[in-house]
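Just below is one structure, and these are the notes that go with it.
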Amino acid sequence: MSGHVDTAPFEQPASFAFTPENLEKAKGYIAKYPPGRQASAVLWLLYLAQDQHDGWVPRAAMDHIGGILSMPPVRVYEVASFYTMFNLKPVGRHYLQICTTTPCWLRGSDQVVDACKKKLGIGIGETTPDKKFTLLEVECLGACVNAPVIQVNNKDFYEDLDAASTEALIDALSRGEAPPKGSVTGRQTSAPVGGPTTLTEIK
Amino acid sequence: MPKLTINGIEVEVPAGATVLQACQQAGVEVPHFCYHERLTIAGNCRMCLVEQEKAPKPIAACAMPVAENMVIHTDSERAKKARKGVMEFLLINHPLDCPICDQGGECDLQDQAMAYGFDRGRYQENKRAVKDKDFGPLVETSMNRCIHCTRCVRFIGDVAGVADLGGIGRGENMEIDTFIGQALGSELSANIIDLCPVGALTSKPYAFTARPWELRKTESIDVLDAVGSNIRIDSRGPAVLRILPRLHEDVNEEWISDKTRFACDGLTKRRLDRPYLRRAGKLAETTWQDAFAMIATRLKGVAGDRMAAIAGDLADAEAMFALKELMASLGSANIDCRQDGAALDGSNRAGYLFNTTIAGIEKADAVVLIGTNPRLEAAIINARLRKRYLQGGFRVGAFGPKLDLTFPVTSLGDGPQDLVARATEFLKDAKNPMVIVGQGALRRKDGGAILAAARDLAVRDGWNGFNVLHLAASRVAGLDMGFVPGANGRDVEGILAGCEKGEIDFVYLLGADEIDTKRLGSAFVVYQGHHGDKGAARADVVLPGSAYTEKDAIYVNTEGRVQLARRATFPPGDAREDWAILRALSGSLGKALPYDTLAALRTKLTQAYPTFGAIDQVPHAAWGSFGKAGTIDAAAFVYPVTDFYHTDSISRASPTMDACLAARMETDARKTGTHG
């Protein structure tokens, strides 16, 4: 059962505006919908805003989007608060989403979660004091064949993880590196673990 | 029209109706929470589940359109079981705090739980806890009780048109909130208290005051604007505790403005409860006899043209009629009911009415507003304009500074420059055009010319689109009975100018507070009214009258609809009904008015002016000439109402209205970034 939890106050930026490139992109998204139905682009624009604003959507951004799409601000708040994929408060620079749904869990996502907790010293849903990492447990990310999986900053997948490789990943991220995306064991996309088992005669 | 069978009853309903509406037509009650006939359909409470033959599962009656040959069962075992299940789910998180809940006794959930509830809970888990919200000084929240019907969200967004509320979060974490924690920015916001089917939104000023079964309910009329909203006054003993809307499709539907609802606490503040006499510059308590004797002494030997009477905005028709007759018997033609100097003469009834009628707005396809801000001047009429706008194919143009009316408005200029040309152009394709002339236009020096210019803009064959929007509840009645200067009489401006020059010795103010009392000069002023406002402060004799909740009285709204206000409580102290005061005064002046009962007065009034006999009707007013030719000044219009919450002596005395104004100013300051 849920209860209201008072969260620590955080600072909302006074204003927000899309960068010229993002504004162009936004116009492109809006153009996908018929005139008068531009509010349909709200998810796209929220996603753009989140991407532009360090992984979270401040209220000023929602107001800005409401203005662009001529919808009352509260309708934007409703959408943004409905989808768990939008963060309405600040998150760390590296936003780690660990999949713990059945296939990942069977393949050892518990070890991955524990490694993260141990390495970062924070629990699920928390942010490190240096604001570098935020840890989140999510449902299926759709990469079951390469389970377990961590998604970083809403876009990069790191796959076939175990405790050691998770710690290595965190180390690399905290050093400011961008490790190669995909399987950390070096497997080719989602090919079988030991290498190809069919079509081997084709060279 | 599709035919369907409901519980064995065959009904035929219009295509597009819902199963729930068909059930209502068949006289079958279907329990529901989220459905409301004046709001959009949400279909989220699931309480209206009914069984439809050949459907795999129960259907939500409120959201299912009817189809030919549907067979519906509302009281089958399956339908009942479905409802019981829904009720059990709704009660999982609803607290069992009915004994301390203000909604108790008038709660839909409580009533329906009696019919469909289970007699014990089967859930061991904790109920969810939701933080209460701050929706401003009118709406108290207790969000644990919310069942997420979203009626309030739909009302505020659709009917009130300010879209301040939303359902924030999802699933079990959904909360009804403004998200940014500000007061609701609507003049109609408190209607969500009535709409809330549970005790989540209750009245803040009325909190923990009474239980509904303790209250005496009196059906009456609101007088704080000229709409004449139908209200129910709930009182206990001598106090009016709350005011609720009463259904009237042609006037207020089932909404009332926040002022109508909550200014009633002004009825107990700053009241005049006994006669006062000015002695040595200070008002001192006195008796009725002494007050009347003083008036008789001061009137002795005063010629008719040196006395005058002004009727205020809250005066009832009977009192104005009595005052008019009294002044006539004293030989004075200096009477006026247009405190603001509006350029309306009573010569042609259609020239000062809202001829289209409020319900008629829904037939119009374009409107031009001239010097009026209906959102503040008549919030209910603005809601009707918005309703028409939402139906589509409705254009709004306005002469006057920029307005936020909750729907798009095309500006036709800040002032009346090129009024006829621009309005004609705007309305040229409209079949049923309207013009609404506001007091912002009529109280100007060129008001008569604007009235004449607006006369023919929106008149078509069989359609009268000429409308005057009044602010004062007394105004139409006053004009109907000719409470305007007689031959060679002075109007309000003339009376005040006369006072300044010493040409008027005696002024009778019947609740007139909206005049510049400094200009009354050295005239002897009698103030008859119910609140110690500007008029009473200047008066030499104060006669305590009754407020609109304390008398049986006739009021005529801006449409020309004659309506009856009824007494809910008695006036305080020595105060009396207004017509009776005038009758008694006339006796002590030796000019006794020829009626001893209210019924006799009404008979006389109706004989003299037959329109007063047609209760709750809008008789067709004959079209004629009105207004006067003249040049129109291009200066920008000034809207007469800037502070919605304080427009008359009752609302000015109301602490709740003060709190509303403070909350609104804070919200506005935050919006413009000047806060803190």
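Quick note, the sequences are listed as chains A and B, same order.
If you read the first sequence in my numbering, its first letter stands for residue 109, the second for the next number, and so on.
If you read the second sequence in my numbering, its first letter stands for residue 489, the second for the next number, and so on.
Heads up, the beta-carbon is just placed ideally off N, CA and C, and yes, glycines get one too.
Distance between residue j and residue i (C-alpha atoms, nearest Å)
i       : j       : result
A/I310  : A/G294  : 21 Å
B/A1063 : B/D1156 : 40 Å
B/I731  : B/R749  : 5 Å
B/G936  : B/T912  : 19 Å
B/L1167 : B/E628  : Nothing about residue 1167 of chain B can be reported from this structure: the residues present for chain B run from 489 to 1164 only.
B/A505  : B/P553  : 6 Å
A/V165  : A/Y203  : 14 Å
B/V925  : B/D1131 : 20 Å
B/L676  : B/V1129 : 16 Å
A/V184  : A/T127  : 20 Å
B/I1120 : B/E988  : 29 Å
B/A1096 : B/C752  : 34 Å
B/A784  : B/L771  : 18 Å
B/A1122 : B/L857  : 16 Å
B/V686  : B/L597  : 6 Å
A/G163  : A/E275  : 22 Å
B/R943  : B/G593  : 51 Å
B/A567  : B/T894  : 41 Å
A/I176  : B/A1024 : 53 Å
B/D934  : A/K135  : 49 Å
B/I681  : B/K692  : 10 Å
Proximal residues of chain A, C-beta to C-beta of residue i below 9 Å
i       : result
B/A1157 : Simply none; closest approach about 15 Å.
Residue i: contacting residues in chain A (beta-carbon distance under 8 Å)
i      : result
B/D646 : Per Cβ cutoff of 8 Å: no residues; B/D646 is ~11 Å from chain A at best.
Neighbour flag for residue i against chain B, beta carbons, 8 Å
i      : result
A/V246 : no
A/R167 : yes
A/V182 : yes
Residue i: contacting residues in chain B (beta-carbon distance under 8 Å)
i      : result
A/S189 : I656, G657, R658 and F667
Residue i, DSSP secondary structure in three states
i       : result
B/T1037 : helix
B/K989  : helix
B/P1032 : strand
B/Q1105 : coil
B/N920  : coil
A/Q205  : strand
A/Q296  : coil
A/Y155  : helix
B/H1018 : coil
B/R526  : coil
B/A601  : helix
B/Q1051 : strand
A/G290  : strand
B/V1126 : coil
B/Y1097 : coil
B/G1118 : coil
A/F194  : coil
B/D665  : strand
B/L1070 : helix
Residue-level contact to chain A via CB, residue i, 8 Å cutoff
i      : result
B/A651 : yes
Contacts of residue i in chain B (Cβ-Cβ under 7 Å)
i      : result
A/E186 : G654, G655 and I656
Identity of the residues DSSP links to residue i by a beta bridge
i      : result
B/N718 : B/I709
B/I547 : B/V538
B/N955 : B/F842 and B/I924
B/Y764 : B/E773 and B/V1030
B/K491 : B/E500
B/V947 : B/N952
B/M782 : None, per the DSSP bridge assignment.
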